[in-house]
Every structure is written in C-alpha cells, then in structure tokens.
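Notes follow the structure.
In the working numbering, the protein residues as written are 605 to 879.
Dropping the structure here:
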C-alpha cells in the first residue's frame, strides 16, 4: 500500500516514521503547503517522496495531520478519491470535522485523535515513538466503511496505540478538560509573568513547577487558536469550572481557612490515583 500524509510537522512527520516500519506500507508520500517543511521532511528522511496534493489523492490511505480548518478544506478536495481509499484525520477536535465530511466520501473517512504530542512543532520535532503506548480515540466509527475501519484499527494498533471508541460530541467535551484547558491555563500563566514589571528577575527563580506548568505555552499558536475556535463552547465551560475552583482556593486563603484549604488539596491529589 501507499500512504500519503498531508502536514509534515510533529504529528505527520512522527507518523510517517512509524508507517515506514510497517511491512504492508510500501511507500510514504508527503505534502505540505509550507515549502520549508517539505525540504526539511525530505532531508530528515521522514517521507520517501514529496508530491502534489493531486498525487496524495491516489494513495491507498491518506492521513490529514493539519489544523481542523485545513482538514475540512482538504476533505472537500478529496471527493473524487477511489471508493476503497481510506482517509484518516488526526485533528484535536472532532465534532465539526465529522459534521463537515462530504457525504460522497463519508464511508472513506475515519475520525481519529491520537492523544499524544509535545510542545514542539515542525518537521524537526518529529520522532519515532511519539505514538507508542498512547491512546487513540476513534469517533463515530459506525459511519465509516468496514474496510476503512479495519485498516485504521490495524495501522494504529501496529504502531503501538491503544484504541478507544467515542462519539465526536462526547470526545470534544472531554478533550476540553484534558487537553484544551491545560493549554489555555499555560498560556495565561506565561502571560501573567510576562506582564510583571521585571519578568526576567522572576524567571531566574523558575524551577520545576513553573517549567512544567508553562511548557505547553511553547505550543504552536496557529494550531491552538484553531483548536480553541473549533471547541469554543466546551472550552468556555471548562474555563468556568476551573475559575470556580480557583476562586474557592482564593476565598480559603483570604479567610485563612488553612484546614479547609488542606482538604481541598487532598481531594486534588486523588486524581493521580485514578490516572
């Protein structure tokens, strides 16, 4: 089989490295709108060949590793693909994508969200092992063709992922709390420090806690603006829930209710028992 990847950054590039190891994938072709990304991906050996988008259409399986708006645009350009072709998106939000898949290729399409990534982006951020032992969410899989369903399950299982199935709407609600809210908090924390009179002096003291919390603020603003836009309602709800907890902590500190504050913290520590 020939695999085509649209988007040669962290997600697409890392996936390409995994696909090249699969015995049923003969060749991995790549496409990216960014000319520098094309050159870097080829130089780094992420893909076998750079091709035009029209050549990607001829692949047996096509992965869309680009922002959500770009995924929807690309799907509308794929309406003339072969009925046996499999198209898999890797978007971080799912409901809007699923709703906008052209009916003509709905059976071809598989909605997937690999729960993995780093704060780095671009082809140079790609590495083998990004997907191993991570969760893959397949959404509304009952609307995909049987062949497409089986192929997507085989590919992601073979590269070491654990598959769970979920409705797209439910996925987006959960993702808002688990993925999108932490990014919003990280950007807010970084900006809070940067807006102080002497941020450099503050950052001299930056240790593990701050570095861990602010790490996500290094993520691509282009990609995350797109994600926030697509999951706006769920993200706003998660921010409101977070604000209530933060205000409660503020109240306990103002009132010097140290025992209640300790109990509040104890409750929070039980999260990692679940994880």
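Virtual Cβ for every residue (Gly too), placed ideally from N, Cα, C.
What's the C-alpha gap between residue 703 and residue 617? In the chain shown, the residue the question calls residue 703 occupies position 99. In the chain shown, the residue the question calls residue 617 occupies position 13. Rounded to the nearest angstrom, the gap between the Cα atoms of residue 703 and residue 617 is 27 Å.
Determine the closest residue to residue 674 out of 754, 764, 749 and 636, with distance taken between C-alpha atoms. The residue labelled residue 674 in the question sits at position 70 within the chain shown. With distances taken between Cα atoms, residue 674 lies closest to 636.
DSSP state of residue 708, grouped into three classes? Stepping through the chain shown from its first residue, residue 708 is reached at position 104. In the structure shown, residue 708 sits in a helix (DSSP, three-state: H, G or I).
Option in 808, 660, 742 and 856 with minimal Cα separation from residue 699: Residue 699 sits at position 95 when you count from the first residue of the chain shown. That would be 742, whose Cα lies nearest to the Cα of residue 699.
Evaluate residue 800 with the Cβ neighbour count: other Cβ atoms within 10 Å of its Cβ, from every protein chain shown; 16 or more gives buried, anything less gives exposed. For the purposes of this step, residue 800 is taken as the residue at position 196 of the chain shown. Answer is exposed; the Cβ neighbour count stays below 16.
Quick check: the Cα distance between residue 834 and residue 697, rounded to an integer number of angstroms? As a working mapping, residue 834 is identified with position 230 in the chain shown. As a working mapping, residue 697 is identified with position 93 in the chain shown. Distance between the alpha carbons of residue 834 and residue 697: 7 Å.
Inter-residue Cα distance where the pair is residue 808 and residue 644: Taking the chain shown and counting its residues from 1, one reaches residue 808 at position 204. Taking the chain shown and counting its residues from 1, one reaches residue 644 at position 40. Cα to Cα, the separation comes out at about 35 Å.
Can you tell me where the alpha helix (DSSP H) with residue 791 in it begins and where it stops? By 1-based counting over the chain shown, the position of residue 791 is 187. In the DSSP annotation of this structure, the continuous segment of the alpha helix (DSSP H) that includes residue 791 starts and ends at 785–798.
Looking only at its chain, what residues have a beta carbon closer than 6 Å to the beta carbon of residue 629, apart from the 5 residues adjacent to it on each side? Start at 1 with the first residue of the chain shown, and residue 629 comes out as number 25. So the list reads 605, 607 and 623, once near-sequence residues are dropped.
Which one of 830, 839 and 665 has the shortest CA to CA distance from residue 758? The residue given as residue 758 occupies position 154 in the chain shown. Checked all of 830, 839 and 665; the closest Cα to residue 758 is 665.
Segment contact, 8 Å Cβ cut-off, at least three pairs: the segment 834–845 with the segment 679–687: Per the Cβ contact rule, the segment 834–845 is not in contact with the segment 679–687 (fewer than 3 Cβ pairs under 8 Å).
Secondary structure of residue 846, DSSP reduced to three states: Residue 846 sits at position 242 when you count from the first residue of the chain shown. In the structure shown, the three-state DSSP call for residue 846 is helix.
Contact defined as beta carbons within less than 8 Å: I believe residue 692 pairs with residue 651. What is the distance between those atoms, to the nearest angstrom? Within the chain shown, residue 692 is the residue found at index 88, counting from 1. Within the chain shown, residue 651 is the residue found at index 47, counting from 1. Wrong, their Cβ atoms sit about 16 Å apart, outside the cutoff.
For residue 631, does the three-state DSSP call read helix, strand or coil? Here residue 631 is taken as the residue at index 27 of the chain shown, counted from 1. The answer is strand: DSSP assigns residue 631 an E or B state.
Could you tell me the distance, in whole angstroms, from the CA atom of residue 864 to the CA atom of residue 815? Numbered from 1 along the chain shown, position 260 holds the residue referred to as residue 864. Numbered from 1 along the chain shown, position 211 holds the residue referred to as residue 815. Going from the Cα of residue 864 to the Cα of residue 815 covers about 28 Å.
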